[in-house]
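Asker: Here it is: the structure, laid out below.
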Amino acid sequence: MYWEPENECMERDELAQLQLERLEATLNRVYLNVPFYRKKFDELKIDIDGIRSVEEIRQLPFTTKNDLRDNYPYGLFAVPLREVVRIHASSGTTGMSTVVGYTRNDLKTWSNLVARVLTAGGITKDDVVQIAFGYGLFTGGFGIHYGAEKIGASVIPISSGNTSRQIKIMQDFKTTALICTPSYALLIADTIREMNINTSSLSLKYGLFGAEPWSESMRREIEQKLKIVATDNYGLSEVMGPGVAGECLERNGLHINEDHFLVEIINPETLEPAKPGEVGELVITTLTKEAFPVIRFRTRDLTRVISEPCPCGRKFRRMNRVMGRTDDMLIIKGVNVFPSQIEAVLFDIEGTEPHYQIIVERKGALDSVKVLVEASESIFFDEMKKQNELIELIKRRLAAELGIGVDVRLVEKKTLERSEGKAKRVVDMRKL
Ligand code: DLL
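Written out as structure tokens, the structure reads:
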């Protein structure tokens, strides 16, 4: 099922034409209204009227998170505040947060794009949708909310947190779809078990999860525990929020809303375009945003574009699930490692709980990594020998996947912090 079949199933040549027209309009908009872009283009002697194909966008400079911070709060807005009807801001875990704005038209586009993603994930107006993303400056809650209302689903704007209440509401209101971060979905699933509630007594059918990296193994775990079909959806506040890309029920990559976003994949070191299908950093240019357009925004997210057609009939290309962010990448003994790779290994090992934390320390000149894994109760209270066997097994599997050895410690169930929003998988003692 599609939300806007005329767009989602548009032929590629028609899409290319539409993208070019929208790109030209966006470039004019930023040149006229945002001094930051005008100055940059002028300095580089870029004539935006000379851009005659979407590929020529490569002549333009990148925009980075730092540029957004330097222009805090409203410096990159392309309309006067009088036309802005909503303001959100990114979490700002590292330094100053970035502020983004939406015109009335932007909100209309946003809810439509979220409606597409929700429809692709199985949601219809017959669903009761529990939104357990935080409502507030974070784009997750409000972003999903208006898309779900647009579809005509019955929306429960519960926000995140208060897990036992989430479960009571889920039972009483007969929730059919849960929307939150994958780590929160797992916490909800585990709490349901602890409360001795039979998942089959719930009405849940679908889960739409996003806002943080997760693995296929984690998807399997959540699907089994909650007895649902789980899809992945991606977005970021600088570009819009949720609604940038989402999986269809094929669950094999996220369809990018290409009529509104132009994507490129670059090599994050050389900044050159990656080869077709190669993994690299995702760079996004908005094509229709009015209040806060961005040109070649470097997301720091690593993925690849899948160009093969999808059996669902949508013509938009897909992106692979995000492997991680360039800034989350660990370099252990010279090898690049992403937390999601470690997660995928741990989730497939019997005797461990799906909760882990990666501690990075500096010993002398070298970084060292310790993986803390929760052991299931039976193992933890078992004899030392069994515990050691489990540790050795985890080490062997991690070494096979990562190509390097890492230290592993078992910890008791429930010792690691649980997340109601974005999980913190890596504790970097080097920065503390
Ligand atoms: O997380 C927007 C969002 C809300 C997306 C709800 C999906 C659902 P930010 O807080 O600005 O916005 O964080 C954006 O989160 O650059 C990625 O690193 C990460 N991220 C978002 N979705 C995914 C995903 C929202 N499906 C940053 N898989 C992005 C992996 C994701 N990482």
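At position 173 of the sequence shown (counting the first as 1) the number is 186 in this note's numbering, and the numbers step up by one without a gap.
Beta carbons are placed, not taken as given, at the ideal position from N, Cα and C, and that holds for glycine.
1. Can at least three beta-carbon pairs, one atom from the segment 321-333 and one from the segment 366-386, be found at a separation below 8 angstroms?
2. Excluding the five sequence neighbours on either side, which residues of its own chain have a C-beta within less than 7 angstroms of the C-beta of N84, listed in chain order?
3. At a cut of 8 angstroms, does the segment 185-201 reach the segment 110-128 through at least three beta carbon pairs?
4. Which word fits R331, buried or exposed, when buried means at least 16 other C-beta atoms lie within 10 angstroms of its C-beta?
5. According to the Cβ coordinates, are I241 and L275 closer than 8 angstroms?
6. Give a yes or no on whether the C-beta atoms belonging to F360 and S214 are separated by under 8 angstroms.
7. On a Cα-Cα basis, can you pick out the residue from A29, G149, E356, V373 that is closest to I477?
8. Would you check if the segment 380-393 and the segment 339-347 touch, i.e. whether three or more CB-CB distances between them fall below 8 angstroms?
9. Please report the straight-line C-alpha distance between V318 and Y159, rounded to a whole angstrom.
10. Which residue marks the beginning of the beta strand (DSSP E) containing S167, and which one marks its end?
11. Which one or two residues does DSSP pair with G114 in a beta bridge?
12. For the alpha helix (DSSP H) that Y197 lies in, which residues bound it at each end?
13. Could you check the C-alpha separation between E363 and L385 for me, to the nearest Å?
14. Please list the segments of the alpha helix (DSSP H) lying wholly inside the segment 207-286, counting only runs of 4 or more residues, in order along the chain.
15. So if DSSP puts M332 in a beta bridge, which residue, or which two residues, is it bridged to?
16. Quick one: Cα of W227 to Cα of P195, how far?
17. For a test of the three-state rule: what should DSSP assign to P48, helix, strand or coil?
18. If I'm right that V439 touches V373 with Cβ under 8 angstroms, what's the distance once you round it to whole angstroms?
19. So the candidates are L284, E207, L191; which of them puts its Cα closest to the Cα of K427?
20. Please determine whether the Cβ atom of F274 lies at a distance below 7 angstroms from any heavy atom of the ligand HEM.
21. Select from Y44, W16, G153, L191 the residue whose C-alpha is nearest the C-alpha of Y247.
22. Using DSSP with H/G/I as helix, E/B as strand and the rest coil, what is I59?
23. Measure the alpha-carbon distance for R82 versus F54 and round it to whole angstroms.
24. Just to confirm the assignment, what range does the beta strand (DSSP E) spanning V307 have?
25. Please determine, among A388, R409, G337, the residue with the shortest C-alpha to C-alpha distance to V358.
26. Measure from the alpha carbon of K302 to the alpha carbon of each residue in K187, D272, R431, I205, then state which is nearest.
27. May I ask which residues mark the beginning and end of the alpha helix (DSSP H) holding E405?
28. Quick one: measure Cβ to Cβ for G134 and P255, integer angstroms, because I've assumed they're closer than 8 angstroms.
29. Consult DSSP for I362 and reduce its assignment to one of helix, strand or coil.
30. Note the first and the last residue of the continuous beta strand (DSSP E) segment covering N349.
31. Please name the residue or residues paired with V386 in a DSSP beta bridge.
32. When you compare each of V421, V252, I417 to Q400 by their alpha carbons, which one comes out closest?
33. Assuming L295 is part of the beta strand (DSSP E), what are its boundary residues?
Answerer: The short version:
1. no
2. F49
3. no
4. buried
5. no
6. no
7. Since the first residue shown for the chain is 14 and the last is 445, residue 477 is missing from the structure and cannot be characterised.
8. Yes, the segment 339-347 is in contact with the segment 380-393.
9. If you take the alpha carbons of V318 and Y159, they lie about 28 angstroms apart.
10. Membership of S167 in the beta strand (DSSP E) is indicated by the continuous run 167-169.
11. DSSP lists I100 as the beta-bridge partner residues of G114.
12. 195-207
13. 16 angstroms
14. 229-239
15. L267, V318
16. W227 and P195: Cα-Cα distance of roughly 7 angstroms.
17. In the structure shown, P48 falls within a helical segment according to DSSP collapsed to helix, strand and coil.
18. Contact flag correct, Cβ pair sits at about 6 angstroms.
19. If we check each option's Cα against that of K427, E207 comes out closest.
20. What this structure holds is the ligand DLL, not the ligand HEM.
21. G153
22. coil
23. 19 angstroms
24. V307 -> no beta strand (DSSP E), and no H or E assigned at all.
25. R409
26. D272
27. 397-415
28. Their Cβ separation, rounded to whole angstroms, is 11 angstroms, which puts G134 and P255 out of contact at 8 angstroms.
29. coil
30. Bounds of the beta strand (DSSP E) holding N349 are 348-350.
31. Y369, L423
32. V421
33. 293-299
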